[in-house]
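Undergrad:
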Amino acid sequence: MQNDKMSPAERFTAFLSGKPVDRFLCVPLILNHAARVRGVKVGEYNRNGRLMGECHAAAYRRYGHDMIAIFSDTAIIAEAMGTELYYPEDDVPRVERPALADPKDRSRLVTSDWAGRGKLPVFYEAIRAAAEALHGEAPIGCCVPAPFTTAACLRGTDHLARDLYRNPALAHELLALSLEAAKQFAGRIMDAGGVPVVVDPVATGSVLGRKQFETFALPYLKPLHAHIAARGFPVILHICGQTARTLDPMADSGAALLSLDDISMAEARDRVGGRVALMGNVRPAQTLLKGKPEDVLREVRDLCEIGRKCQAGFILGSGCEVPIASPPEKIDAMMAGVREFGRM
Amino acid sequence: MSNSALLEELARAVVQMDEAGAAAAARKALASGLDPFVAINDGLSVGMREVGRLYDTGEYFVPEILICSDAMNAAVEILKPHIRRAPGHEPVTIILGVIEGDVHDIGKNIVKIMLDASGFHVVDLGRDVSAERFVQAAREAKRGLVGLSTLMSTTMENMGKVVSGLSEDGLRKDFRVMLGGAPCSEAFAREIGADGFGRNAKEAVELAERLSASLAMKSV
Numbered sequence: 001m002q003n004d005k006m007s008p009a010e011r012f013t014a015f016l017s018g019k020p021v022d023r024f025l026c027v028p029l030i031l032n033h034a035a036r037v038r039g040v041k042v043g044e045y046n047r048n049g050r051l052m053g054e055c056h057a058a059a060y061r062r063y064g065h066d067m068i069a070i071f072s073d074t075a076i077i078a079e080a081m082g083t084e085l086y087y088p089e090d091d092v093p094r095v096e097r098p099a100l101a102d103p104k105d106r107s108r109l110v111t112s113d114w115a116g117r118g119k120l121p122v123f124y125e126a127i128r129a130a131a132e133a134l135h136g137e138a139p140i141g142c143c144v145p146a147p148f149t150t151a152a153c154l155r156g157t158d159h160l161a162r163d164l165y166r167n168p169a170l171a172h173e174l175l176a177l178s179l180e181a182a183k184q185f186a187g188r189i190m191d192a193g194g195v196p197v198v199v200d201p202v203a204t205g206s207v208l209g210r211k212q213f214e215t216f217a218l219p220y221l222k223p224l225h226a227h228i229a230a231r232g233f234p235v236i237l238h239i240c241g242q243t244a245r246t247l248d249p250m251a252d253s254g255a256a257l258l259s260l261d262d263i264s265m266a267e268a269r270d271r272v273g274g275r276v277a278l279m280g281n282v283r284p285a286q287t288l289l290k291g292k293p294e295d296v297l298r299e300v301r302d303l304c305e306i307g308r309k310c311q312a313g314f315i316l317g318s319g320c321e322v323p324i325a326s327p328p329e330k331i332d333a334m335m336a337g338v339r340e341f342g343r344m
Numbered sequence: 345m346s347n348s349a350l351l352e353e354l355a356r357a358v359v360q361m362d363e364a365g366a367a368a369a370a371r372k373a374l375a376s377g378l379d380p381f382v383a384i385n386d387g388l389s390v391g392m393r394e395v396g397r398l399y400d401t402g403e404y405f406v407p408e409i410l411i412c413s414d415a416m417n418a419a420v421e422i423l424k425p426h427i428r429r430a431p432g433h434e435p436v437t438i439i440l441g442v443i444e445g446d447v448h449d450i451g452k453n454i455v456k457i458m459l460d461a462s463g464f465h466v467v468d469l470g471r472d473v474s475a476e477r478f479v480q481a482a483r484e485a486k487r488g489l490v491g492l493s494t495l496m497s498t499t500m501e502n503m504g505k506v507v508s509g510l511s512e513d514g515l516r517k518d519f520r521v522m523l524g525g526a527p528c529s530e531a532f533a534r535e536i537g538a539d540g541f542g543r544n545a546k547e548a549v550e551l552a553e554r555l556s557a558s559l560a561m562k563s564v
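As they're listed, the protein sequences go chains P and L. So the first sequence is numbered by the working numbering: it starts at 1 and just counts up by one. So the second sequence is numbered by the working numbering: it starts at 345 and just counts up by one.
#1: Just how far apart, CA to CA, sit P/ASP191 and P/THR149?
#2: Cβ closer than 9 Å: which chain P residues qualify as neighbours of L/PRO407?
#3: Along chain L, which residues have their Cβ under 8 Å away from the Cβ of P/VAL357?
#4: State buried or exposed for L/LYS456, treating a residue as buried only when at least 16 other CB atoms are found within 10 Å of its CB.
#5: Examine chain P for any beta-carbon lying closer than 8 Å to the beta-carbon of L/ALA485, and answer yes or no.
#6: Closer than 8 Å between beta carbons: that is the criterion. Which residues of the segment 273 to 286 of chain P meet it against chain L?
#7: For L/SER493, write down the residues that DSSP places opposite it in a beta bridge.
#8: Considering only C-alpha positions, which residue in the set P/PRO328, P/GLU340, P/GLU214, P/PHE341 is nearest to P/ALA58?
#9: Grab me the residues of L/VAL358's own chain with a C-beta within less than 7 Å of its C-beta, minus the 5 sequence neighbours each way, in chain order.
#10: In chain L, what lies closer than 8 Å to P/VAL92 by C-beta?
#11: So P/CYS142 and P/ILE189 are supposed to be a Cβ contact under 8 Å. How far apart are they, rounded?
#12: By DSSP, does P/CYS26 sit in helix, in strand, or in coil?
#13: If the cut is a Cβ gap below 9 Å, which residues of chain P does L/PHE532 touch?
#14: Is P/VAL199 helix, strand or coil when you go by DSSP?
#15: Check whether the Cβ atoms of L/ARG487 and L/PHE519 sit closer than 8 Å, and answer yes or no.
#16: Which word fits P/LYS309, buried or exposed, when buried means at least 16 other C-beta atoms lie within 10 angstroms of its C-beta?
#17: Beta carbons nearer than 7 Å to chain L: which residues of the segment 315 to 327 of chain P have them?
#18: Give the residues of chain L in contact with P/ARG245, contact being defined as C-beta atoms less than 7 Å apart.
#19: I want to verify the contact list: residues of chain P whose CB lies under 8 Å from the CB of L/MET361, in sequence order.
#20: Have a look at L/ARG371, L/GLU421, L/GLY504, L/ASP460 and flag the residue whose alpha-carbon is nearest the alpha-carbon of L/LYS546.
#21: Could you check whether the Cβ of P/GLY241 sits closer than 8 Å to any Cβ belonging to chain L?
#22: Residues of chain L with CB closer than 9 Å to the CB of P/THR157, please, in chain order.
#23: Hey, L/LEU515 and L/ARG483: beta-carbon distance below 8 Å or not?
#24: Return the bridge partner residues of L/PHE541 from the DSSP annotation.
#25: Can you list the beta strand (DSSP E) stretches of 3 or more residues lying completely in the segment 75 to 156 of chain P, in chain order?
#26: Report the rounded CA-to-CA distance for P/LEU100 versus P/HIS172, giving the unit in angstroms.
#27: Could you say if the segment 435 to 450 of chain L and the segment 417 to 426 of chain L meet the contact criterion of at least three C-beta pairs nearer than 8 Å?
#28: Whole angstroms is fine: what's the gap from P/ARG47's alpha carbon to L/PHE464's?
#29: Listed from N- to C-terminal order along the chain, which residues in the segment 504 to 530 of chain L have their beta-carbon within a distance smaller than 8 Å of any beta-carbon of chain P?
#30: Please confirm whether L/ILE411 has its beta-carbon closer than 8 Å to some beta-carbon of chain P.
#31: Would you report the Cα separation of P/ASP102 and P/ARG155, rounded to the nearest angstrom?
#32: Using a beta-carbon distance below 8 Å, is L/ILE443 in contact with chain P?
#33: To which residues of the same chain is L/VAL564 closer than 7 Å at the C-beta, ignoring the five residues directly before and after it?
#34: Can we say the segment 162 to 182 of chain P touches the segment 78 to 97 of chain P, given the rule of at least three CB pairs closer than 8 Å?
#35: Drop a sphere of 10 angstroms on the beta-carbon of P/MET279, count the other beta-carbons inside from all chains shown, and report buried for 16 or more, exposed for fewer.
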């Protein structure tokens, strides 16, 4: 890409080993938006691994971002465990029927061998297809829903929230099961050459307090992160929403990189930026969907300034998924901004 | 037991997430002749507003709000059949729902709980609600507020359809429209012709109160 002296893969490797890079890495979370770039409906994209991989390769050719992130929805592991999803024609699938809405009815809960179930195999295929198209030029990330988020999709979020008080044993049982499934899925992703990106949107500080996070989310993130680190892969954790209250335990989870959303990046840097790398947080809806390219540039400039003082490293990212309908020129502006303001 | 002690007991049971205690306090209130309407408004709702404050200051979170509201509802179920007289003035109706295409309703449920506790009559349409259903509910309610929520940027645009649907039906002047949810903003509310945006449950209640006042002024 223009003015760049390193390929995204070279930059990623250098970043992880603490070696010099030509500029900040830029990883807008282009997830389902990749379907738009390739001109297919989201409903086709998310059940066809080859097509999904091609969409992300096409998005990379279009934008030149520093890591692709293969993703459909945050219920994929719960789906492999028995939750039923509804598939809109051109939007993100959503939970239709949680596997364990009634804890007495366990007939639909799948308790082992999840990696080949639901649409999980779609992702192994997508990683392989993207790898064929990219020839090692850019790293390939693939999202792994964390145990708390999976448990919420198994029970229904409001049921799980009440379980934390009324039936903590059931919550822990589902969390432990969800952890095993996440480890299996992450293992298969790594086998295929993908970098697991752990996502835990339900364990956000917008829903949980710090103590609840430490009791019900953190103990299941840690072993998942250790499982990924043991294979020599970088551990990336994304939690969107407000995370000011849960930032410290997030930084203690064994993650090497935290992807953040609704929090002041300067505050995050001052609190945990010395021990964990940070990524974020151009506003997805207000700026990438609704703002002007100048708004994107302004946010990128401010974030790059903050990022320069992140001791453990900084990656420019979007706070959460780039909205499917984001105009491409906004993502172009992010890339142009990082080349202008993020040079080393 | 004095009325004020009974009211305090009702409020405390809600704040302390004590469902059995709230039910017991409600029965005690009935037995001692406390007006059930007063028990709800000056007891349970006071407790729920305190819960809202604790949420706002970061002492309570979503799980606590849900359990507290379960305690409140357990007591309301006991008191409600005994309400004899109509309240002094009709409460303002707010039609609430998550817009079509989105099923994330935790935020909407929290806002509903807090609006309930603040004396609004909440018509909850649930999640994945079409613009047509919002407009139909508005037609039935005749006047009041409409609260739209979404967590997803893909479904934001559907909110504009509710505003234009109300206009087409000639209902817009009798309703105030408010938005909630992470991707929305005050600017977006203005863009689609809505009347305001609440960033969290506390702001949503304050906004609903402000918009109700403006609705009442307009009708004079």
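Positions of the beta carbon are idealized from the N, C-alpha and C atoms, including for glycine.
TA: Judging by the given coordinates:
#1: Residue mapping note: residue 191 of chain P aligns to position 191 of the first sequence, counting from 1. Residue mapping note: residue 149 of chain P aligns to position 149 of the first sequence, counting from 1. Straight-line Cα distance between these residues: approximately 23 Å.
#2: For the purposes of this step, residue 407 of chain L is taken as the residue at position 63 of the second sequence. Contacts between L/PRO407 and chain P, judged by CB atoms closer than 9 Å, involve LEU160, ALA161, ARG162, ASP163, LEU164, TYR165, VAL207, LEU208, GLY209, GLN212 in chain order.
#3: Residue numbering for chain P in the displayed model covers 1 to 344; residue 357 of chain P lies beyond these limits and cannot be assessed.
#4: Locating residue 456 of chain L in the second sequence gives position 112, where the first residue counts as 1. Taking every protein chain shown into account, the CB of L/LYS456 has 16 or more other CB atoms within 10 angstroms, so this residue is buried.
#5: Taking the second sequence and counting its residues from 1, the one referred to as residue 485 of chain L is at position 141. No - not a single Cβ of chain P is within 8 Å of the one on L/ALA485.
#6: For the segment 273 to 286 of chain P, the residues whose beta carbon sits under 8 Å from a beta carbon of chain L are, in order, PRO284, ALA285, GLN286.
#7: Walking along the second sequence from the start, residue 493 of chain L turns up at place 149. BP columns for L/SER493 point to L/VAL442, L/GLY524.
#8: If you number the first sequence from 1, residue 58 of chain P lands on position 58. P/ALA58 has its Cα closest to that of P/PRO328, out of P/PRO328, P/GLU340, P/GLU214, P/PHE341.
#9: Within the second sequence, the letter at position 14 stands for residue 358 of chain L. The answer, listed in chain order, is ALA366, LEU388, GLY391, MET392, VAL395, CYS412, ALA415, MET416.
#10: Counting from 1 along the first sequence, the entry for residue 92 of chain P is found at position 92. Those are MET496, THR498, listed as they occur along chain L.
#11: On the first sequence, residue 142 of chain P is found 142 positions in, with the first residue counted as 1. On the first sequence, residue 189 of chain P is found 189 positions in, with the first residue counted as 1. That belief holds up - the Cβ atoms of P/CYS142 and P/ILE189 are roughly 5 Å apart, short of 8 Å.
#12: For the purposes of this step, residue 26 of chain P is taken as residue 26 along the first sequence, with counting starting at 1. Annotated three-state conformation of P/CYS26 is strand, per DSSP.
#13: Numbered from its first residue, the second sequence carries residue 532 of chain L at position 188. Those within 9 Å of L/PHE532 in chain P are ALA285, GLN286, LYS290.
#14: By one-based count along the first sequence, residue 199 of chain P stands at place 199. Looking at P/VAL199 - three-state DSSP - the assignment turns out to be strand.
#15: For the purposes of this step, residue 487 of chain L is identified with residue 143 of the second sequence, where counting begins at 1. For the purposes of this step, residue 519 of chain L is identified with residue 175 of the second sequence, where counting begins at 1. Less than 8 Å separates the beta-carbon of L/ARG487 from that of L/PHE519.
#16: By one-based count along the first sequence, residue 309 of chain P stands at place 309. Exposed is the call here.
#17: Listed by position along the chain: PRO323, ILE324, ALA325.
#18: Counting from 1 along the first sequence, the entry for residue 245 of chain P is found at position 245. The contacting residues are GLY402.
#19: Residue mapping note: residue 361 of chain L aligns to position 17 of the second sequence, counting from 1. Those within 8 Å of L/MET361 in chain P are TYR165.
#20: Translated into the one-based positions of the second sequence, residue 546 of chain L becomes position 202. The alpha carbon of L/LYS546 has as its nearest neighbour, out of L/ARG371, L/GLU421, L/GLY504, L/ASP460, the alpha carbon of L/ASP460.
#21: Your numbering for residue 241 of chain P matches position 241 in the first sequence. Yes - at least one Cβ of chain L is within 8 Å of the one on P/GLY241.
#22: Within the first sequence, numbered from 1, the residue matching residue 157 of chain P stands at position 157. Listed by position along chain L, the residues whose Cβ is nearer than 9 Å to that of P/THR157 are VAL406, HIS448, ASP449, ILE450.
#23: On the second sequence, residue 515 of chain L is found 171 positions in, with the first residue counted as 1. On the second sequence, residue 483 of chain L is found 139 positions in, with the first residue counted as 1. A contact, by the Cβ cut-off of 8 Å.
#24: Reading the second sequence from its first residue, position 197 is the one you call residue 541 of chain L. L/LEU523, per the DSSP bridge assignment.
#25: The DSSP assignment places 84 to 86, 94 to 97, 140 to 145 as complete runs of the beta strand (DSSP E) inside the segment 75 to 156 of chain P, in order along the chain (cut-off: 3 residues).
#26: Counting from one through the first sequence, the residue named residue 100 of chain P turns up at place 100. Counting from one through the first sequence, the residue named residue 172 of chain P turns up at place 172. Going from the Cα of P/LEU100 to the Cα of P/HIS172 covers about 14 Å.
#27: Two segments are said to touch when three or more pairs of C-beta atoms, one from each, lie closer than 8 Å; by this definition the segment 435 to 450 of chain L does not touch the segment 417 to 426 of chain L.
#28: In the first sequence, counting from the first residue as 1, residue 47 of chain P sits at position 47. In the second sequence, counting from the first residue as 1, residue 464 of chain L sits at position 120. For the pair P/ARG47 and L/PHE464, the Cα-to-Cα distance works out to about 44 Å.
#29: Taking 8 Å as the Cβ-Cβ cut-off against chain P, the residues of the segment 504 to 530 of chain L that qualify are ALA526, PRO527, CYS528, SER529.
#30: For this step, residue 411 of chain L is matched to residue 67 along the second sequence. Cβ-Cβ to chain P under 8 Å: yes for L/ILE411.
#31: Position 102 of the first sequence, counting from 1, holds the residue named residue 102 of chain P. Position 155 of the first sequence, counting from 1, holds the residue named residue 155 of chain P. So the two alpha carbons sit approximately 8 Å from each other.
#32: Here the question's residue 443 of chain L lines up with position 99 in the second sequence. False, the Cβ-Cβ gap to chain P never drops below 8 Å.
#33: Stepping through the second sequence from its first residue, residue 564 of chain L is reached at position 220. Confidence is the limiting factor: at L/VAL564 the pLDDT is only 47, short of 50, which leaves the residue's position unreliable, though a coordinate-based value still follows. Annotation for L/VAL564: no residue places its beta carbon closer than 7 Å to its own, counting only its chain and skipping 5 residues before and after.
#34: The segment 162 to 182 of chain P is in contact with the segment 78 to 97 of chain P.
#35: Position 279 of the first sequence holds residue 279 of chain P. Sixteen is the threshold: when 16 or more other Cβ atoms of the shown chains lie within 10 Å of the Cβ of P/MET279, as they do, the residue is buried.
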